[in-house]
Amino acid sequence: MNFLQEAQSLAPWLTELRRDFHRRPEHGNKEFHTSAYICRALESMGLEPKRLLEAAVAAELQGGRPGPTIALRADMDALLIQEHTNLPYASEVPGMMHACGHDLHMAALLGTARLLSDHREDLCGAVRFLFQPDEELDGGAKRMIEAGCLDGVDWVFGAHVRPELPAGQVGVRYGASYAASNPFKITLRGRVAHGAEPQNGADAIVAGAQIVTALQTLVSRRVSPTESAVLTIGSFHAGSQCNILAGEAVLEGILRTFGEENRKKLTGAMTDLVEGVAAAMDVEAMVDITWGYPGVVNDEAATALVQRAAETLLGTDRVTVLNEPVMTTEDFGFFLQKVPGCFYHIGVGSPAPLHSDQFNPDESALPAAAALHAQVVWEAMGQA
Ligand code: NI
């Protein structure tokens, strides 16, 4: 069994798939063309894809012998970015672009489906291919789980492209890999007055400024210096005119943490701090915290399995154990809350980062990405 060799012979097809996805990006649970395209590709392999939600796809490959059920997930959505790469297969949709590599994720997973379909009789167990919409905005993973996509699944695996790693290099990370996120909105209600007579009102701008500063102490004074968290206020809107005391201020931001303990502690402390400072400034505060994506926490045994599979497939020099987590978020964390598994990284050597209008991943990583999923399944079924 040499999945890498087999995947390399599929390279032109994998590239074509990826470019087809790239030309026609979709997003926000409206990946209708993309999901139809995926269904046709899966049907051509003899699989029977099912639609979940509006745009999600799930297909199961039953092996010739009994064994565990292993789910593999690719996300499908693009971003609201105008592409500036000048590539011949650049996005044909104005203002939208696959700038996070999800086009590669889909092409690689279809490649895996083809590799494993060709060895269906040798598989001990079942493989469930999950194509998930709406990763970037509203957590399509959560809704797919509610629709039953993980029912009966023993392990779940997924991967994301990583521009900093050279093409075909694999990155694995044990334990906490991505932060949990809590977007929040703070609304401050003061009292409007003449700018020359502040004693007659309550200044929402001054209170907001104090709150922005006070919130910086959450990470610096409530979190152990050896742990990580970050709180960013990304917008602050208040006031209408230079000679009027602002009666309202609205601040929005995101708190990112590792571990549920810090998450609960900091969201609670944030509310107390905002309400306390606002009260001291004679302003009313409403704190609205959204429970966003959970962190991505890789299972120890599943991660060891991925590392072993990657080393077997590509050689030890092409596998990097990542020492640090990232502060960005990924809704794969919802899958890992339900079922043990691992979310790993495939190098695509792009000088431009993810979410850049010039993101241009090296497509030569596609065969390794497709083969690695297959090898992971093979090892998880205990056939290595
Ligand atoms: Ni992404």
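Reading the sequence shown from the start, the letters are residues 805 to 1188 in this note's numbering. A virtual CB, placed ideally from N, CA and C, is assigned to each residue, including glycine.
**Prompt:** What beta strand (DSSP E) runs, 3 residues minimum, are completely inside the segment 982-1010?
**Reply:** 984-993
**Message:** Tell me the DSSP secondary structure of F1147 in three-state form.
**Reply:** The residue you call residue 1147 lines up with position 343 of the sequence shown. F1147: strand per DSSP, three-state reduction.
**Message:** Using a Cβ-Cβ cutoff of less than 7 Å, which residues in the same chain neighbour Y982 once the five nearest sequence positions on both sides are dropped?
**Reply:** Within the sequence shown, numbered from 1, the residue matching residue 982 stands at position 178. Closer than 7 Å at the Cβ level, and outside the excluded window around Y982, lie G1099, V1100, P1129, V1130, T1132, T1133, E1134 and G1137.
**Request:** Please confirm whether any heavy atom of the ligand NI lies closer than 6 Å to the CB of C1046.
**Result:** In the sequence shown, counting from the first residue as 1, residue 1046 sits at position 242. Flag unset: Cβ of C1046 not near the ligand NI.
**Item:** Beta-carbon separation (whole angstroms), V1087 vs R977, contact threshold 8 Å
**Value:** Sequence index remark: in the sequence shown, residue 1087 carries index 283 (1-based). Sequence index remark: in the sequence shown, residue 977 carries index 173 (1-based). The Cβ separation is near 43 Å, so there is no contact.
**Item:** With 16 other Cβ atoms within 10 Å as the buried cut-off, status of N1004
**Value:** The count along the sequence shown starts at 1 and reaches residue 1004 at position 200. By the neighbour-count rule (16 or more Cβ atoms within 10 Å), N1004 is not buried but exposed.
**Among A1082, D1092 and A862, nearest to A1006 - alpha-carbon criterion** = Reading the sequence shown from its first residue, position 202 is the one you call residue 1006. Of the candidates A1082, D1092 and A862, the one whose C-alpha sits nearest the C-alpha of A1006 is A1082.
**Between the CA atoms of E1031 and L1022 - distance to the nearest angstrom** = Here the question's residue 1022 lines up with position 218 in the sequence shown. Here the question's residue 1031 lines up with position 227 in the sequence shown. Approximately 13 Å, taken between the alpha carbons.
**Prompt:** Taking 6 Å as the line, does the beta carbon of C904 fall inside it for any heavy atom of the ligand NI?
**Reply:** Taking the sequence shown and counting its residues from 1, one reaches residue 904 at position 100. Under cutoff, so the answer is yes.
**Request:** Could you say if the segment 899-908 and the segment 867-875 meet the contact criterion of at least three C-beta pairs nearer than 8 Å?
**Result:** no
**Message:** Pull the bridge partners of M1090 from the DSSP assignment, please.
**Reply:** To locate residue 1090, count along the sequence shown from 1; it is residue 286. According to DSSP, M1090 bridges with T991.
**Prompt:** Could you give the distance in angstroms between the alpha-carbon of T889 and the alpha-carbon of R855?
**Reply:** Here the question's residue 889 lines up with position 85 in the sequence shown. Here the question's residue 855 lines up with position 51 in the sequence shown. Whole-angstrom Cα-Cα distance: 33 Å.
**Prompt:** Within this structure, are the beta carbons of L934 and A840 separated by less than 7 Å?
**Reply:** By one-based count along the sequence shown, residue 934 stands at place 130. By one-based count along the sequence shown, residue 840 stands at place 36. Taking 7 Å as the cut-off, the beta carbon of L934 is found no closer than this to the beta carbon of A840.
**Asked** Can you name, in chain order, every residue of its own chain whose Cβ lies under 8 Å from the Cβ of A951, other than the five neighbours on each side?
**Response** Here residue 951 refers to the residue found at position 147 of the sequence shown. Cβ neighbours of A951 within its own chain (closer than 8 Å, five residues either side excluded): L856, L857 and A860.
**Item:** L884 and G899 closer than 7 Å at C-beta
**Value:** Walking along the sequence shown from the start, residue 884 turns up at place 80. Walking along the sequence shown from the start, residue 899 turns up at place 95. Yes, the pair counts as a contact, with Cβ atoms nearer than the cut-off.
**Item:** Integer Cβ distance of A878 from S1168, believed to fall under 8 Å
**Value:** For the purposes of this step, residue 878 is taken as residue 74 along the sequence shown, with counting starting at 1. For the purposes of this step, residue 1168 is taken as residue 364 along the sequence shown, with counting starting at 1. Rounded, the Cβ-Cβ distance is 19 Å, inconsistent with contact.
**Message:** By the three-class DSSP mapping on this structure, what secondary structure does I874 have?
**Reply:** Start at 1 with the first residue of the sequence shown, and residue 874 comes out as number 70. Here I874 sits in strand by DSSP.
**Straight-line Cα distance separating I990 from V965** = Here residue 965 refers to the residue found at position 161 when the sequence shown is read from its first residue. Here residue 990 refers to the residue found at position 186 when the sequence shown is read from its first residue. Rounded to the nearest angstrom, the two C-alpha atoms are 35 Å apart.
**Message:** Which residue wins for smallest C-alpha separation from G1043, given the options V1034, V1054, L1035 and T1036?
**Reply:** Within the sequence shown, numbered from 1, the residue matching residue 1043 stands at position 239. Residue nearest to G1043 within the set V1034, V1054, L1035 and T1036 is V1054 (criterion: CA-CA distance).
**Asked** Do you know offhand how far T1124's Cα is from G975's?
**Response** In the sequence shown, counting from the first residue as 1, residue 1124 sits at position 320. In the sequence shown, counting from the first residue as 1, residue 975 sits at position 171. Rounded to the nearest angstrom, the two C-alpha atoms are 5 Å apart.
**Asked** What does a CB cutoff of less than 7 Å around N1127 pick up in its chain, not counting 5 residues either side in sequence?
**Response** In the sequence shown, counting from the first residue as 1, residue 1127 sits at position 323. Nothing listed; no residue qualifies.
**Asked** Is DSSP giving I1058 helix, strand or coil here?
**Response** The sequence position of residue 1058 within the sequence shown is 254, counting from 1. DSSP places I1058 in strand when its eight states are reduced to three.
**Message:** With H, G and I counted as helix, E and B as strand and the rest as coil, what does DSSP make of K854?
**Reply:** Stepping through the sequence shown from its first residue, residue 854 is reached at position 50. Here K854 sits in strand by DSSP.
**Item:** Where F825 falls: helix, strand or coil (DSSP)
**Value:** Walking along the sequence shown from the start, residue 825 turns up at place 21. The answer is helix: DSSP assigns F825 an H, G or I state.
**Request:** Below 8 Å on the Cβ atoms is my guess for G929 versus M1185; work out the distance and round it to an integer in Å.
**Result:** As a working mapping, residue 929 is identified with position 125 in the sequence shown. As a working mapping, residue 1185 is identified with position 381 in the sequence shown. So it is a contact: roughly 5 Å between Cβ atoms.
**Item:** Contact set for G1153: own chain, Cβ-Cβ below 6 Å, skip 5 residues either direction
**Value:** Locating residue 1153 in the sequence shown gives position 349, where the first residue counts as 1. Only P970, A971 and D1166 meet the Cβ criterion.
**Item:** M901 - partner residues in DSSP beta bridges
**Value:** Taking the sequence shown and counting its residues from 1, one reaches residue 901 at position 97. Bridge partners of M901: L883.
**Prompt:** Taking the DSSP output, what are the residues bridged to S1248?
**Reply:** It is not possible to answer for residue 1248, since the shown part of the chain is limited to 805 through 1188.
**Prompt:** So who's on the other strand from C928, going by DSSP bridges?
**Reply:** Residue numbering aside, residue 928 sits at position 124 when the sequence shown is read from its first letter. Answer is R869, bridged to C928.
**Item:** Own chain residues within Cβ distance below 7 Å of T1036, not counting five before or after
**Value:** Locating residue 1036 in the sequence shown gives position 232, where the first residue counts as 1. Taken in chain order, the residues that qualify are G1057 and I1058.
**Request:** Provide the residue span of the alpha helix (DSSP H) that contains L1117, from first to last.
**Result:** Here residue 1117 corresponds to residue number 313 of the sequence shown, with the count starting at 1. Element bounds for L1117: E1104 to L1118.
**Message:** Please report the distance separating the alpha-carbon of R1122 from that of H1041.
**Reply:** One-based indexing of the sequence shown puts residue 1122 at position 318. One-based indexing of the sequence shown puts residue 1041 at position 237. Between the alpha carbons of R1122 and H1041 lies a gap of roughly 48 Å.
**Contact under 7 Å by Cβ, P1171 with A917** = Taking the first residue of the sequence shown as position 1, residue 1171 is located at position 367. Taking the first residue of the sequence shown as position 1, residue 917 is located at position 113. Not a contact, by the Cβ cut-off of 7 Å.
**Message:** For S839, report the span of its beta strand (DSSP E) as first-last.
**Reply:** The residue given as residue 839 occupies position 35 in the sequence shown. S839 -> not in any beta strand (DSSP E); alpha helix (DSSP H) instead, spanning F836 to S848.
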